[in-house]
Every structure is written in structure tokens, then in C-alpha cells.
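There are 2 protein chains.
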Amino acid sequence: MESSATLPLSQLPFVYPATPRSNKAYPFWPCKRRSSLPTRLRCNKMYVPGFGEASPEAKAAKHLHNFFTYVAVKIVAAQLESYNPEAYEELIEFLGRHSLNDGDKFCAAMFRESSRHKNLALRIMEVRSAYCKNDFEWDNLKRLALKMVTESNTRLMTEYVLETSHVESEK
Amino acid sequence: MESSATLPLSQLPFVYPATPRSNKAYPFWPCKRRSSLPTRLRCNKMYVPGFGEASPEAKAAKHLHNFFTYVAVKIVAAQLESYNPEAYEELIEFLGRHSLNDGDKFCAAMFRESSRHKNLALRIMEVRSAYCKNDFEWDNLKRLALKMVTESNTRLMTEYVLETSHVESEK
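In order, the protein sequence lines correspond to chains S and E. Residues 2 to 172 in my numbering are what the first sequence spells out, letter by letter. Residues 2 to 172 in my numbering are what the second sequence spells out, letter by letter.
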């Protein structure tokens, strides 16, 4: 399943069968080319619609931003659990009442809860900044994601082939 | 809010006020050190609990993996919309019945729907692999996430200060 984004049709026999097997079978890629190619195609990248003025990278960064807040809450909770059970209880109680899906909303709400919660929120914001800048392994993230897509694609195809071979042999 | 993960207490006067204002005020960091530091602290990284045998990077990679499937579906749908309305309709109809939250489950279900859907699933899997390997801008993701955490922290604090200044001035 590894292929370049600009791979021509002729190199994809598996995905694009040469001989359609039914009237409803269709090629997934057109033979003729568009006369006016979008900008993303001109620079050899696939056109990704539906992100408005943002980009997929910006959307992924927003997801990661919320994830870093979640990680920061975990880090701060673990620190407090050992050394400050009172603050730990307050954090857990606040977590029970507020969703962590939107990290910024969570911090904004915590800021306004009480002066003690404000200090907790400041600590979480400080930790998410330090974590994202110093601790998070960006190269590892890329390596794991590339590995995951290759392994998942192979696994999905293998499972399907094994399943259909099994059905065939039972007939 | 920019600080190192190993910043000493003395450099954080804002987060750790020197003079507690009430009986319930508490320091968020202990003065004494643990005698047995976890491995992550030994290598100057903050200890992140709750990820079991996985890591935050693996969890983030799994999120991104599902995101790449979502992007691949968008790319394939946009391609089909212009050139193969019949396949486009089938994809949209399938999307209405199946969640894209788990990309692998989505592809596995599509594989088993019909032989035409199988080809669609193969196309989506091929596109997510190519997108993640060639098109996705990993450096840009990191740049945007770092920018987002700094800007969000500044914005949250500014909003709070402006809000409380406003309340104070009204008294």
C-alpha cells in the first residue's frame, strides 16, 4: 500500500482493476485530466477540501493542543497526589464537572472558579507549554504514525484475505 | 508562560505566591524532593502517568492515524465528486451509516460491504498512506502547535486580567 501521491494509474493494478467485473464497476481515477488544476495539485500534493481557510496541519495542531492540556492535567494531578492531597481533590472534583475536550475552555473556567483554582490553571498552562516545547517527542510521533499507517493497511488487507479464503475453502 | 520543565521554584513567583492569602492556600510544588525519582524525571522529563505501556506520543499517533483516514476520505470524495458521481454517492451513503472516529474500523467495514466498496476502501487506505508520508507537513504541525500553546496561554491570562480589572474599576 505504499505509493506516491502522484503515482500514475498504470502502477496501481490492485486498486484499479483493468477489467471491470460488473456494469457498476468503475475506475476511481479519471483518464482525462482537469484543464485547470487547483494549487495543491500543481505543487504535487493532493487537494484536501473542507478545511476552509485553515489547513489539515492547523486542525491537527488544535487537536494536539487539547491533548497537551489533557497530558498537563495528568502530570499536575500526579504531582499533587503525592504532595498536596487537598489541591489534588479539588482538581479531581473540578474535572468531574468540566470537560477536557476543549483545553482552553477548561483552563478559562478553572481560572474563574476561585483563587486556588486560578493557581491550578496557571500550573496546568505552564506545564502544557513546557511539555509541548521540551518533553514531547515530535520525531517519535512522526515515526509512530508512519509505522501505524503501513501496519494498519497491511493488517486490514491480510485479515480480509484470510477471511475470504476461509469462506471460499468452506464452500 | 514559557518555562523549562526543570525550572526551579524560585523562578515562578506568579504561579507560586510567596505569601499565602488564606488558610487554604497551598504551594503546588513540594519543597522536599523524592528520594526515588521515576525514570522520566531522571532524564529531565516530566512524569506522565496513565498511559499504561503506551506513551503520549503513541496515543497522539493513534489520533493522527484516525485524522489521516478522515482526510483521505475527504480527498477521495472530492476526486469522485467530479469524475465518478455514482461512486461518490455510494461513499456518502456509507459515511452516513458508519462513524469515522475509528479509521481502521471504518475501512474494515467498507472492505466487507461490497466489491465496489472494497475498491473504495483500498483507495482510501492508499491515499492515507501517501498523504501521511508525502503531503502532511510535519514541521508545520510542530510550529503551529508551539505557537498555539504560547498564544493561548497569553490570551487566557490577558482575558482574565482585563475581566478582573473591569470588575475592580466598576466597584
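Even glycine gets a Cβ: it sits at the ideal position worked out from N, Cα and C.
Contact with chain E by asparagine 102 (chain S), beta-carbon distance below 8 Å: Taking the first residue of the first sequence as 1, we reach residue 102 (chain S) at position 101. Taking Cβ atoms only, chain E never reaches closer than 8 Å to asparagine 102 (chain S), which makes this a no.
Listed by chain order, chain E residues near glycine 97 (chain S) by CB distance under 8 Å: Here residue 97 (chain S) corresponds to residue number 96 of the first sequence, with the count starting at 1. None at all; the shortest Cβ gap to chain E is about 16 Å.
Alanine 62 (chain E) and isoleucine 125 (chain E) closer than 8 Å at C-beta: Walking along the second sequence from the start, residue 62 (chain E) turns up at place 61. Walking along the second sequence from the start, residue 125 (chain E) turns up at place 124. In this structure, isoleucine 125 (chain E) does not lie closer than 8 Å to alanine 62 (chain E) by Cβ.
CB contact flag (histidine 118 (chain S), phenylalanine 95 (chain S), <8 Å): Numbered from 1 along the first sequence, position 117 holds the residue referred to as residue 118 (chain S). Numbered from 1 along the first sequence, position 94 holds the residue referred to as residue 95 (chain S). Cβ distance < 8 Å, so histidine 118 (chain S) and phenylalanine 95 (chain S) count as in contact.
The region 143 to 155 of chain E: positions lying closer than 7 Å to chain S by Cβ: Lys143, Leu145, Ala146, Leu147, Met149, Val150, Thr151, Ser153, Asn154
Chain E contact for alanine 62 (chain S) (CB, 8 Å cutoff): Looking up residue 62 (chain S) in the first sequence gives position 61. Alanine 62 (chain S) counts as touching chain E.
Interface partners of alanine 110 (chain E) on chain S, CB under 9 Å: The residue you call residue 110 (chain E) lines up with position 109 of the second sequence. Correct list: empty, because the minimum Cβ distance to chain S is about 11 Å.
Residues near cysteine 108 (chain E) by beta carbon distance below 8 Å, same chain, minus five either side: Position 107 of the second sequence, counted from the start, is the residue given in the question as residue 108 (chain E). Only Thr70, Ala122, Ile125, Met126 meet the Cβ criterion.
Helix, strand or coil at tyrosine 48 (chain E) according to DSSP, with G and I counted as helix: Locating residue 48 (chain E) in the second sequence gives position 47, counting from the first residue. If DSSP states are grouped into helix, strand and coil, tyrosine 48 (chain E) belongs with coil.
Whole-Å CB distance - serine 130 (chain E) paired with asparagine 154 (chain S), under 8 Å assumed: Position 129 of the second sequence, counted from the start, is the residue given in the question as residue 130 (chain E). Position 153 of the first sequence, counted from the start, is the residue given in the question as residue 154 (chain S). Yes, they are in contact, since the Cβ atoms of serine 130 (chain E) and asparagine 154 (chain S) sit about 6 Å apart, within 8 Å.
Closer than 8 Å at the beta carbon, the chain E residues around histidine 118 (chain S): Taking the first sequence and counting its residues from 1, the one referred to as residue 118 (chain S) is at position 117. Near histidine 118 (chain S) there are no residues of chain E at all, since even the closest Cβ is about 11 Å away, more than 8 Å.
Within-8 Å CB hit, glutamate 114 (chain E) to chain S: The count along the second sequence starts at 1 and reaches residue 114 (chain E) at position 113. Cβ-Cβ to chain S under 8 Å: no for glutamate 114 (chain E).
Cβ neighbours of proline 57 (chain S) in the same chain (closer than 7 Å, five flanking residues each side left out): Position 56 of the first sequence holds residue 57 (chain S). Closer than 7 Å at the Cβ level, and outside the excluded window around proline 57 (chain S), lie Val49.
Whole-angstrom distance between glutamate 90 (chain S) and proline 31 (chain E), CA atom to CA atom: Taking the second sequence and counting its residues from 1, the one referred to as residue 31 (chain E) is at position 30. Taking the first sequence and counting its residues from 1, the one referred to as residue 90 (chain S) is at position 89. Legend: pLDDT at proline 31 (chain E) = 42, less than 50; position of this residue unreliable, value from coordinates given subsequently. Distance between the alpha carbons of proline 31 (chain E) and glutamate 90 (chain S): 16 Å.
Buried or exposed (CB count within 10 angstroms, at least 16 for buried), isoleucine 93 (chain E): One-based indexing of the second sequence puts residue 93 (chain E) at position 92. By the neighbour-count rule (16 or more Cβ atoms within 10 Å), isoleucine 93 (chain E) is not buried but exposed.
Endpoints, the alpha helix (DSSP H) within which serine 83 (chain E) is located: Taking the second sequence and counting its residues from 1, the one referred to as residue 83 (chain E) is at position 82. Segment 57 to 84, the alpha helix (DSSP H) holding serine 83 (chain E).
Member of S:Pro86, S:Asn85, S:Met111 whose CA lies at the smallest distance from the CA of glycine 97 (chain S): Start at 1 with the first residue of the first sequence, and residue 97 (chain S) comes out as number 96. Checked all of S:Pro86, S:Asn85, S:Met111; the closest Cα to glycine 97 (chain S) is S:Met111.
Burial state of lysine 143 (chain E), where buried means 16 or more other Cβ atoms lie within 10 Å: As a working note, residue 143 (chain E) is residue 142 in the second sequence. So lysine 143 (chain E) counts as buried.
Interface partners of glutamate 138 (chain E) on chain S, CB under 7 Å: Residue numbering aside, residue 138 (chain E) sits at position 137 when the second sequence is read from its first letter. Under the 7 Å cutoff, chain S gives Glu58.
Contact under 8 Å by Cβ, valine 150 (chain S) with isoleucine 76 (chain S): Within the first sequence, numbered from 1, the residue matching residue 150 (chain S) stands at position 149. Within the first sequence, numbered from 1, the residue matching residue 76 (chain S) stands at position 75. Against a cut-off of 8 Å, the Cβ pair of isoleucine 76 (chain S) and valine 150 (chain S) comes out as no contact.
8 Å Cβ shell around aspartate 176 (chain E) - same chain, five flanking residues per side excluded: Lying before the first or after the last residue shown, residue 176 (chain E) is absent from chain E, which here runs from 2 to 172.
Alpha-carbon to alpha-carbon, lysine 60 (chain E) and glutamate 82 (chain E): Taking the first residue of the second sequence as 1, we reach residue 82 (chain E) at position 81. Taking the first residue of the second sequence as 1, we reach residue 60 (chain E) at position 59. Each residue's alpha carbon lies about 33 Å from the other.
Cutoff 8 Å: serine 130 (chain E) Cβ touching any chain S Cβ: Taking the second sequence and counting its residues from 1, the one referred to as residue 130 (chain E) is at position 129. So yes, serine 130 (chain E) belongs to the interface.
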